[in-house]
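What follows is one structure encoded as structure tokens, with my remarks underneath.
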Amino acid sequence: MVKLKLMASSPKSSRSAKSTRGQIMAHIKMDRIFVKILSLLQKDGRISNSDLSEQVNLSASPCHQRMRKLEKSGIIKGYMARLDLSKLRHHDTVIAEVALNSHNMESFVQFEQYARNHSRIVECFKVSGPFDYFVRFICKDMEEYNKLSDEILSETNAATVKSFVVLQHVKEFTGFPLDELVDDAPEYFEG
1 MVKLKLMASS
11 PKSSRSAKST
21 RGQIMAHIKM
31 DRIFVKILSL
41 LQKDGRISNS
51 DLSEQVNLSA
61 SPCHQRMRKL
71 EKSGIIKGYM
81 ARLDLSKLRH
91 HDTVIAEVAL
101 NSHNMESFVQ
111 FEQYARNHSR
121 IVECFKVSGP
131 FDYFVRFICK
141 DMEEYNKLSD
151 EILSETNAAT
161 VKSFVVLQHV
171 KEFTGFPLDE
181 LVDDAPEYFE
191 G
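Every letter in the sequence shown is one number past the one before it in the UniProt record's numbering, and letter 79, counting from 1, is 79.
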């Protein structure tokens, strides 16, 4: 059994210990049932509570309560449909290495805010190594991407944008390997 120590926002702050960010500390003992619930929800976010409870061997009410705990704790951040964009329209996926001119906090904050606010940037990772960010773009075509990469160079503190056009999506993210990750995890996680 793994214990998770999580941060989750809650209006009942007077009964719980507060962190410096004003969030509530929530404790969940992560057992095999919680892991099974999370694994099943990763595969099918629309699974009914009755089907979910049947597959985890719980009655409907305790299963629903566990699911709500996972949502309130922030472990479950939300639900969304996975789309096949190629069936809607042609698009280009580009992955880029972005290196900044300077490495002060203001430069990082500015670039990250730009990335969060730009709809064509669908993922952005701050990384170690010879560049600062690994960014994934979804664009209508390469002309749109070229304009976007020029915009990044002119509107942010980016020194270089090294681009790689995706030719084929070989493996798509379908969920975390929870059985492997949670089983040997530290006793507490802070989120």
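Think of the CB as a built atom: it goes at the ideal place given N, C-alpha and C, for glycine as much as any other residue.
Query: According to DSSP, which residues form a beta bridge with residue 99?; Result: 160
Query: Rounded to a whole number of angstroms, what is the C-alpha to C-alpha distance between residue 99 and residue 90?; Result: 29 Å
Query: What residues in its chain sit with their C-beta under 7 Å from that of residue 141, if we drop five residues either side in the sequence?; Result: 92
Query: With a cut-off of 8 Å on the beta carbons, I'd call residue 153 and residue 161 a contact; round off their distance for me.; Result: 6 Å
Query: Report the rounded CA-to-CA distance for residue 103 versus residue 67, giving the unit in angstroms.; Result: 41 Å
Query: Apart from the five residues just before and just after residue 110, which ones in its own chain have a Cβ nearer than 7 Å to its Cβ?; Result: 156, 157
Query: Could you work out which residue in 34, 164, 71, 69 is closest to residue 56 when comparing CA atoms only?; Result: 34
Query: For residue 174, which three-state DSSP category applies?; Result: coil
Query: Could you check where the beta strand (DSSP E) with residue 121 kicks off and where it finishes?; Result: 121 to 126
Query: With burial defined as no fewer than 16 other Cβ atoms inside 10 Å of the residue's Cβ, what is the status of residue 149: buried or exposed?; Result: buried
Query: Can you check whether the CB of residue 94 is closer than 8 Å to the CB of residue 176?; Result: no
Query: Can you name, in chain order, every residue of its own chain whose Cβ lies under 6 Å from the Cβ of residue 39, other than the five neighbours on each side?; Result: 178
Query: Nearest to residue 83 by CA position, among 31, 51, 121, 172, is which residue?; Result: 172
Query: Excluding five sequence neighbours on each side, which residues of the same chain lie with their C-beta closer than 8 Å to the C-beta of residue 147?; Result: none
Query: List the whole-angstrom C-beta distance separating residue 76 from residue 70, where the pair is believed to meet the contact cut-off of C-beta under 8 Å.; Result: 5 Å
Query: Just list the residues that DSSP pairs residue 136 with in beta bridges.; Result: 95, 123
Query: What residues in its chain sit with their C-beta under 7 Å from that of residue 115, if we drop five residues either side in the sequence?; Result: 121, 124, 135
Query: Using the Cα positions of residue 44 and residue 54, report the straight-line distance between them to the nearest angstrom.; Result: 14 Å
Query: Could one say the Cβ of residue 79 lies closer than 8 Å to chain C's Cβ atoms, at least one of them?; Result: The structure shown contains no chain C; it holds only a single protein chain.
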